[in-house]
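In the UniProt record's numbering, the protein residues as written are 1 to 198.
Quick reminder that beta carbons are idealized off the backbone N, C-alpha and C, glycines included.
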């Protein structure tokens with residue numbers, strides 16, 4: 001698996017480069033600090049990109065969007081957590097979402113899943129529900145489910161992305177559909193769009 005690493009912090013970039021280079025089956029094709037070093041998706045052929053989303057001035061998201069547009073699957077590392085950040089990242093085509101506190105094994109797993117066409121969302125992204133009392137308030141997981149449903153994800157992909165059983169996913173989708181007054185995935189996505197939840 002060929003990896004493009006985009007990390008602005010020199011020490012972090014060096015540590016990630018070493019970590020990934022020591023893993024069997026992984027080759028870091030390029031390690032960059034960001035766009036200042038030139039085009040990111042040019043002649044370098046990669047299977048997946050690992051991008052630090054928390055680069056200054058929104059550069060991390062811009063780099064990720066550029067790579068997604070070029071057809072490169074992107075996994076993101078971030079210090080930020082929260083519903084808005086996760087949902088926004090997923091809506092921009094980012095397929096992997098990890099906190100910087102992820103273990104090396106979790107990082108490698110995420111890269112493998114994303115390179116293979118799947119979605120990986122770190123278990124810590126299952127934050128507790130927002131407090132608000134409205135029946136259409138969505139939990140963090142429900143909001144992320146909607147983004148992935150909009151992309152056409154099925155029950156198996158949702159189960160893998162969130163480390164849940166397929167039965168748990170089906171139960172969660174039933175609860176989500178009830179909140180939105182929907183009977184199907186298509187109706188749920190349409191209802192979420194109408195309510196500006198997507």
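Other residues of its chain near residue i: CB distance less than 7 Å, five sequence neighbours each side excluded
| i | result |
| --- | --- |
| residue 54 | 60, 78, 79 and 80 |
| residue 86 | 97, 125, 140 and 144 |
| residue 165 | 159 |
| residue 182 | 188 and 191 |
| residue 52 | 6, 7, 8, 60 and 77 |
| residue 89 | 53, 76 and 97 |
| residue 102 | 122 |
Bridge partners - residue i, DSSP secondary structure assignment
| i | result |
| --- | --- |
| residue 169 | DSSP, once it has assigned bridges, lists no residue as partnering residue 169. |
| residue 74 | 49 |
| residue 2 | 27 |
Beta-carbon proximity list for residue i, same chain, < 6 Å, skipping 5 on both sides
| i | result |
| --- | --- |
| residue 177 | 188 |
| residue 149 | 185 and 189 |
| residue 169 | 155, 158 and 159 |
| residue 95 | 73, 114 and 119 |
| residue 56 | none |
| residue 180 | 188 and 191 |
Enclosing alpha helix (DSSP H) for residue i [first to last residue]
| i | result |
| --- | --- |
| residue 60 | 59-69 |
| residue 182 | It is not in any alpha helix (DSSP H) - residue 182 carries neither H nor E in the DSSP assignment. |
| residue 18 | 10-21 |
| residue 149 | 140-150 |
Own chain, CB closer than 8 Å to residue i, minus 5 neighbours either side, in chain order
| i | result |
| --- | --- |
| residue 184 | 177 |
| residue 1 | 25, 26, 27, 47, 48, 111, 112 and 115 |
| residue 196 | none |
Nearest-angstrom Cβ-Cβ length linking residue i and residue j, presumed shorter than 8 Å
| i | j | result |
| --- | --- | --- |
| residue 16 | residue 24 | Residue 16 to residue 24, Cβ: 17 Å. No contact. |
| residue 64 | residue 76 | 6 Å |
| residue 26 | residue 3 | 6 Å |
| residue 20 | residue 11 | Not a contact, Cβ separation roughly 15 Å. |
| residue 34 | residue 68 | Going by Cβ atoms, the distance from residue 34 to residue 68 rounds to 16 Å, so no, they are not a contact pair. |
| residue 31 | residue 13 | 6 Å |
Span of the beta strand (DSSP E), counted from its first residue to its last, around residue i
| i | result |
| --- | --- |
| residue 111 | Note, residue 111: premise wrong, no beta strand (DSSP E); alpha helix (DSSP H) at 104-115. |
| residue 30 | 27-32 |
| residue 156 | Unbroken run through residue 156 is the alpha helix (DSSP H), 155-162; no beta strand (DSSP E). |
| residue 99 | 96-99 |
Distance cut-off 6 Å: residue i Cβ against heavy atoms of the ligand SAM
| i | result |
| --- | --- |
| residue 163 | Among the ligands in the structure shown, none appear at all, so the ligand SAM cannot be discussed. |
Residue i at chain C interface by Cβ criterion, 7 Å
| i | result |
| --- | --- |
| residue 137 | No chain C is part of this structure, which consists of one protein chain only. |
**Asked** Does the region 98-112 touch the region 138-156, meaning 3 or more C-beta pairs lie closer than 8 Å?
**Response** no
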